[in-house]
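Accompanying notes for the structure given below.
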Amino acid sequence: MELLKLSEANKRDTLSLMLGVATAQGSLELHKIHQQTIEAIGRHVLGIDVKLDELPNNFDMAENIADSKIQEELLHLVGPLIFLETEDKKRRIEALEQLATLWKHKDGLIKSIHKAVEGHKTAILMCEFRATKAETGASALYQSFYYLATKLHLVQHRKVYERYQKYGQYPEGSFGKTLYNYYMDNEFSLPGSPGAELNDILVKHDMHHVLSGYDTSPLGEICVLAFDGAMSKVDFSAQISAATAQFQIGYTIADPTVNSWVNQFKPEMVYEAYQRGKECSVNYIDANMDLTPYLQMPIKEVRKQFNISEEGMLVQTDKDKWCSVYGPPSKRKNPDLIKYGKSIQ
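As structure tokens, then:
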């Protein structure tokens, strides 16, 4: 990440620019969720701890950031801030566009976020495909083909199912047994089961949950994306922005039958996840790495080999369920859960 090469003074400048977006250059009050998010980015992404009330909240510092790659990274890092609150989304995306214009930077993600703010529900989704391939190990086209082929019984899954059943017999504490427990806690069908087409496609994503120690709560899903995005050279900004919209302000990204939530974005956890992913010494995302050989090993040993810190995980002990305190996804009931989603308009 080129942002990390900036001097401390320029890193402070980037936080000022983020404040400029969050407050529309001082015309909006700095709300607590935005303050916490910018502070967490400072600590966990940029490595500086700054009192925001000491910084200007305008774009006067924009000229200090001249590198186009750093400009792009900053613009994308700000994306989730647009969806932290339902009110004033339009004012904030307009401020982000003003910053991009100052840098003469034309950006597809910013355009997509603006369209999403205006209610075009698939706008961000269209930017996600590249990151989706990195996250699942397969392109969107292949995923669609695989799903259809499975539905038509053109793909044989018995061996896959039997292999995952065997993981349940592995020693407690092994990567394989922990992965098996992940499926059981969430009441997910094992990969290879009849009707488990989506589970088959999400196998790598599920392994990423277990390695990084994040459950399937809305916060856990955002954290996995932040963790993987920090590790990968692929830009996960669209996915993280979309997940924030879906789980923080109840925005249904594509399928209106998929649960959306409100108030699930916890800045400290999300950007600590980013820091943990950045510190990982093995980029198993971009390498599309086969993790199967590691499944017999203790999960703690695998994390140690990959330099994955266990500090900050949501699943810390055997008492912590991979489905989170909310329970299995299909059975969740919570005041913050919006069963059929809603538009952010």
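Sequential numbering of the sequence shown, starting at 1, is according to UniProt numbering.
Cβ coordinates follow ideal geometry from the N, Cα and C atoms, glycine included.
query, result
"Could you tell me how far apart the beta carbons of residue 276 and residue 312 are, in whole angstroms, since I believe they sit closer than 8 angstroms?", "6 angstroms"
"If I follow the unbroken alpha helix (DSSP H) through residue 223, where does it start and stop?", "218 to 231"
"In this structure, what does DSSP give as the bridge partners for residue 174?", "298"
"For residue 307, is the classification buried or exposed, using 16 other Cβ atoms within 10 angstroms of its Cβ as the cut-off for buried?", "exposed"
"In whole angstroms, what separates the C-alpha of residue 3 from that of residue 264?", "27 angstroms"
"When burial is assigned at 16 or more other CB atoms within 10 Å of the CB, is residue 317 buried or exposed?", "exposed"
"Mark residue 11 as exposed unless 16 or more other C-beta atoms lie within 10 angstroms of its C-beta, in which case mark it buried.", "buried"
"Please report the straight-line C-alpha distance between residue 89 and residue 166, rounded to a whole angstrom.", "49 angstroms"
"If I measure Cβ to Cβ from residue 100 and keep anything under 7 angstroms in the same chain, skipping five residues before and after, which residues do I get?", "75, 107 and 110"
"Straight-line CA distance for residue 157 to residue 190?", "11 angstroms"
"With a threshold of 8 angstroms, are at least 3 pairs of Cβ atoms found where one atom belongs to the region 270 to 285 and the other to the region 174 to 194?", "no"
"Please go through the same chain and pick out, in chain order, the residues whose beta-carbon is closer than 8 angstroms to the beta-carbon of residue 33, but skip the five residues on each side of it.", "84, 85, 265 and 267"
"Going residue by residue through the region 27 to 91, where are the continuous alpha helix (DSSP H) segments of at least 4 residues, counting only ones entirely within it?", "32 to 40 and 68 to 77"
"In terms of DSSP beta bridges, what is residue 110 paired with?", "Answer is none; residue 110 lacks a bridge partner."
"If you compare alpha carbons, which of 239, 40, 17 and 118 is closest to residue 102?", "17"
"Note the first and the last residue of the continuous alpha helix (DSSP H) segment covering residue 289.", "First-last for residue 289: undefined, no H or E at that position."
"Smallest Cα separation from residue 31: which of 82, 65, 227 and 298?", "82"
"In chain order, what residues of the same chain have a beta carbon less than 6 angstroms from the beta carbon of residue 338, not counting five sequence neighbours either side?", "250 and 260"
"Exposed or buried, which one is residue 19 when buried takes at least 16 other CB atoms within 10 Å?", "buried"
"Measure the alpha-carbon distance for residue 39 versus residue 163 and round it to whole angstroms.", "45 angstroms"
"Counting only the same chain and skipping the five closest in sequence on each side, list residues whose C-beta sits under 7 angstroms from that of residue 243.", "221, 222 and 225"
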